[in-house]
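One structure below.
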Amino acid sequence: MHGLMMDVPLSLPMIARRALSLYGGRSIVSRRADKSLHRTTYREMLGRAGQLARALQRLGVRPGDRVATLAWNHARHLEAYYAIPCMGAVLHTLNLRLHPDDITWIANHAEDKVVLVDKVLWPLWEKCASRVNAQHVIVMTDDGVVPPGTLEYEALIAAEAADFAWDDLPETTAAAMCYTSGTTGQPKGALYSHRSIVLHAMGEGMLCALGLSERDTVLPVVPMFHVNAWGLPYACAMFGAAQVHPGPHLDPASLLGLLQDERVTITAGVPTIWLGILQALDAAPGHYELSRLRTMVVGGSAAPEAMIRAFEERHGLHVLQAWGMTETSPLGTTAYLSPELLQKDANTQYAYRAKQGRPVPMVEVRARNEQGIVDWDGTSMGELEVRGPWVVSSYYLTEGADDRFTSDGWFRTGDIVTIDRDGYVTIQDRSKDLVKSGGEWISSVALEGALMGHPDVAEAAVVAVPHAKWDERPLAVVVPRSGQPFDEAALKTWLGERFAKWWVPDAIVQVETIPRTSAGKFLKSALREQFKAHYGSADNATRGG
Ligand code: AMP
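Given below as structure tokens:
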């Protein structure tokens with residue numbers, strides 16, 4: 021209709037142009053494989069990204085083609101984040117923690133035409149290379165030496181002019197893709213559009229999310245191969261925040277060093293990373309100067325309340341819990357407190373900050389069980405469903421109807437939740453992790469959170485184990501704090517004071533480590549398998565992964 025607002029496409033070149041014109045001098049710091057630091061700026065990074073885009077065009081990459089990366093978080097990977105989508109191709113980040121067979125399957129399913137590989141990851145890529153039909157392999161390294169038959173990144177881009185045009189693209193063009201880690205069944209691809217990434221970046225900048233601005237320096241611990249490092253490489257450029265990338269070094273000392281020395285204001289990652297950081301801080305109180313760090317975003321698994329408290333009370337550090345999925349770009353909800361909750365006592369506030377939180381603007385939530393859509397009463401459990409402009413509408417190249425999508429346009433998350441009357445969502449479990457004892461659900465997430473609140477416990481996971489009488493009973497697997505073997509009876513009493521008697525696990529076993537998924541979460545399917553016969557014979561232990 022005449023007189024309407026401009027129909028400006030929401031595409032990534034818009035973010036690149038903004039960063040070039042307004043934030044060209046802002047810094048991008050990366051830790052190299054040899055631990056030294058590399059420093060660049062948005063201007064230089066985007067200049068090189070333009071050269072990479074031209075080089076890929078010269079290699080025959082056409083709009084819509086998939087270009088994969090197998091790389092840690094660093095400035096060259098960031099260049100690929102801009103070059104590939106902005107030339108109309110699709111950035112496909114391969115998860116380097118997967119088995120080579122899975123990487124191979126995923127690269128072939130996506131039909132990746134070109135692959136960019138970190139030289140330090142060459143031994144991994146070699147196990148896939150002969151089985152993947154990529155036309156070119158580009159190796160990213162600092163020493164200029166690359167394996168035979170591959171192209172060297174620096175030489176490749178040096179041959180190109182730095183005059184890439186950063187022209188808008190139609191907003192529904194595919195920009196990036198990520199496969200779900202998929203502990204069951206085949207991995208599935210989520211395909212992000214330019215529009216969804218731009219809107220998501222804007223959403224991440226909102227105050228109820230990260231409240232991003234050019235005063236921030238952001239360190240994404242979350243890998244660039246896991247949901248685009250939660251969209252931070254794009255959101256930071258949109259708002260002008262400086263970026264710090266840890267490269268392959270994700271140990272607590274390396275991360276704490278960067279957080280301190282680069283004066284980081286916001287960092288983000290999964291709880292297992294922060295549990296390690298907390299132990300390091302506890303072991304050396306006051307050793308790190310982190311007064312600039314204003315928010316540690318924790319998502320990917322439930323952040324235990326005890327961890328949120330410990331950071332705040334012992335180290336003055338603020339944890340913000342966020343919930344999301346590969347399929348939701350990932351930002352879905354944040355545990356940002358309402359003004360009413362800010363009037364409440366500290367215990368109430370901690371309890372709310374340990375929830376997954378309320379949906380951010382543009383994301384809608386509801387939960388459904390066998391009876392239909394559940395009330396927002398804080399107690400009725402149901403499967404969380406979401407919709408919004410950065411939520412997938414189907415999986416990449418899957419045939420036929422998929423039961424993850426409802427007929428009225430919502431995505432079924434597989435998370436079992438309660439929603440209270442103010443809209444705060446609490447995850448009780450992944451549907452496959454729920455413990456169903458005597459026909460009643462027990463929340464493993466709630467038990468884990470309470471166990472990790474006990475002073476003798478460093479990490480805890482609770483899994484369902486087949487049981488002759490109750491069908492399933494909970495079993496807790498616990499990593500004790502160093503040098504402090506735990507007392508099983510005392511831990512059971514601790515849980516008995518907090519939960520109904522029948523929720524308390526029948527057994528609490530001690531382990532040295534809890535296996536992790538490729539995204540760094542507790543791999544509960546492995547624990548279920550390991551302990552499946554703990555409450556009886558393995559014959560009736562049929563629960564699968
Ligand atoms: P992924 O697609 O690998 O990022 O995994 C998404 C799943 O991680 C969700 O469906 C949840 O089960 C879980 N998850 C993500 N964030 C949280 C959170 N803050 N608390 C509990 N579980 C979470």
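With the working numbering as the guide, the letters of the sequence shown map in order to residues 21 to 565.
In this text, a Cβ means the ideal position worked out from N, Cα and C, and glycines have one as well.
Contact annotation: residue 469 and residue 325 have beta-carbon atoms nearer than 7 Å.
With a 10 Å radius around the Cβ and a threshold of 16 neighbouring Cβ atoms, residue 350 comes out buried. For residue 196, the shortest C-beta to heavy atom distance toward the ligand AMP is 6 Å or greater. As for any beta strand (DSSP E) of minimum length 3 sitting wholly inside the stretch 351-384, the runs are 351-354, ordered along the chain.
By alpha-carbon distance to residue 471, the top candidate from 510, 439, 54 is 510.
The alpha-carbon of residue 62 is positioned some 47 Å away from that of residue 496. Residue pairing by DSSP places residue 530 opposite 498 in a beta bridge.
Residues 261, 285, 286 of the same chain have their beta carbon placed closer than 6 Å to that of residue 236, with the five preceding and five following residues left out of the count.
When only Cα atoms are considered, residue 154 and residue 450 end up about 36 Å apart.
Not one heavy atom of the ligand AMP is found less than 6 Å from the C-beta of residue 504. Excluding the 5 residues flanking it on each side, residue 423 has same chain C-beta neighbours closer than 8 Å at 432, in chain order. Residue 72 sits close to residue 177, with the two beta carbons spaced by under 7 Å. Closest in C-alpha terms to residue 418, from the list 129, 42, 125, comes 129.
Residue 197 is positioned such that its CB atom lies closer than 7 Å to that of residue 110. Boundaries of the alpha helix (DSSP H) harbouring residue 130: 120-130, taken from the DSSP string. Selection 357, 312, 306 evaluated against residue 334 yields 306 as nearest (Cα-Cα). The count of Cβ pairs closer than 8 Å, one atom from the stretch 242-261 and one from the stretch 276-284, stays below three, leaving the stretches out of contact.
At a Cβ-Cβ threshold of 7 Å, residue 473 and residue 292 do not count as neighbours. About 6 Å separates the CB atoms of residue 267 and residue 93; that is less than 8 Å, so the two are in contact. CA-to-CA, the gap between residue 390 and residue 39 works out to about 49 Å. Under the three-state reduction of DSSP output, residue 79 falls in the coil class, being neither helix nor strand.
Straight-line spacing of the CA atoms in residue 43 and residue 513 works out to 56 Å.
Bridge pairing for residue 405: 386, 432 [DSSP]. At a cut-off of 4 residues, the continuous stretches assigned as alpha helix (DSSP H) that sit fully inside the stretch 133-196 are 142-149, 173-178. Secondary structure at residue 93: strand, using DSSP grouped into helix, strand and coil.
In this structure, the beta-carbon distance from residue 300 to residue 317 does not fall below 7 Å. Proximity to residue 460 across 159, 529, 494 peaks at 494, based on C-alpha coordinates. Taking a contact to require three or more Cβ pairs closer than 8 Å, the stretch 166-176 and the stretch 141-158 qualify as touching. For a cut-off of 8 Å, the C-beta gap from residue 65 to residue 95 is around 6 Å, short enough to register as a contact.
In this structure, residue 235 has its beta carbon at no less than 6 Å from each heavy atom of the ligand AMP. Scanning the stretch 316-356 for uninterrupted beta strand (DSSP E) segments of 3 residues or longer gives 339-344, 351-354, listed from N- to C-terminal end.
For residue 110, the enclosing beta strand (DSSP E) begins and ends at 110-113. Judged by their CB atoms, residue 289 and residue 241 are nearer to each other than the 7 Å cut-off. Contact between residue 385 and residue 445 is confirmed by a C-beta separation of about 6 Å, below the 8 Å threshold. Less than 7 Å separates the beta-carbon of residue 455 from that of residue 492. Between residue 356 and the set 348, 369, 365, the nearest pair of CA atoms involves 369.
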